[in-house]
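Data first, discussion second: the structure below is written as structure tokens.
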Amino acid sequence: MVTEPNPASFLLLLLLLLPAIFSAVDGGPRKFHITDDLRDVVDDEEDEAWKEWGKKKTSDEFDPPPSDMSNMELEEIQEAFMKRTMGPVFGFVKLRPGIKRTPDTVADLARKWTKMLRAGAMEVNLMGIDRSTVMFNMAEGRRSIELKEFVLNQPEAYEIKIGDNLFRRQGDPPLEQVIEQIHRTKNEASDGTSHDEEEKEEKEEEKDLKEEL
């Protein structure tokens, strides 16, 4: 006696085989669904940018002066400490001697230099205090080397004193020697004749120099 197949069993078998049939026909890449719930996800990979994020940035890295200065020139030693000066500094610029000036011309020169330096983003103020001297103060002492280089590139300036450090162009004699030579030349040219006006100017210039020294 032949038993007829049960339609319900045949249908169940067909349902079980359908997924396998369609997956074989598809043959394409599987698609994965990424859930939005990341509470169980652990990320133990950190790059350098992530490690640095949130850290307080310091504007200046610690840069100690050279430990061995035995082979350095005096000016190099002075500059090594100057560029590590974080606070404000002040000083004086002595103008080239032997040139007649008025307080107004010196004040104009100081204003001109101030504008030029501020155009280079340097916080510095200069003011004329007599006929041969400009006084300055700047907020960032570490930039005093830039100020020194600027001043010594100006034809009107002879030397600059920043704090206790004095700078002139290489090969230039001390200012006192230059003034003495100017006086000697004037005296020789006058053949011993007294000129009250010239003597008065020379004495005032000597007085200004002594006050700064």
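For reference, each letter of the sequence shown is one residue, going -27 to -1, 1 to 186 in mature numbering (1 follows the signal peptide of the UniProt record, and there is no 0).
The C-beta atom is built at its ideal place from N, Cα and C for all residues, glycine as well.
Model, not experiment: these values are computed from the prediction.
Its chain contains I155 as the residues whose beta carbon lies nearer than 7 Å to that of G71, once the 5 sequence neighbours on both sides are disregarded; these appear in chain order. With a cutoff of 8 Å on beta-carbon distance, G101 and A83 are scored as near each other.
Between M111 and E132, the CB-CB gap reaches or exceeds 8 Å.
As the crow flies, the alpha-carbon of E161 is around 15 Å from that of V151. For R91, no beta strand (DSSP E) run applies; the uninterrupted alpha helix (DSSP H) run containing it begins and ends at 76 to 92, by DSSP. DSSP places E153 within a helical segment (H, G or I) once states are collapsed to three.
Bridge pairing for M95: absent [DSSP]. Look at K159 here: in three-state DSSP terms it is helix.
Rounded to whole angstroms, the separation of the alpha carbons of F123 and S117 is 10 Å.
Between K121 and F109, the C-beta spacing is not below 8 Å.
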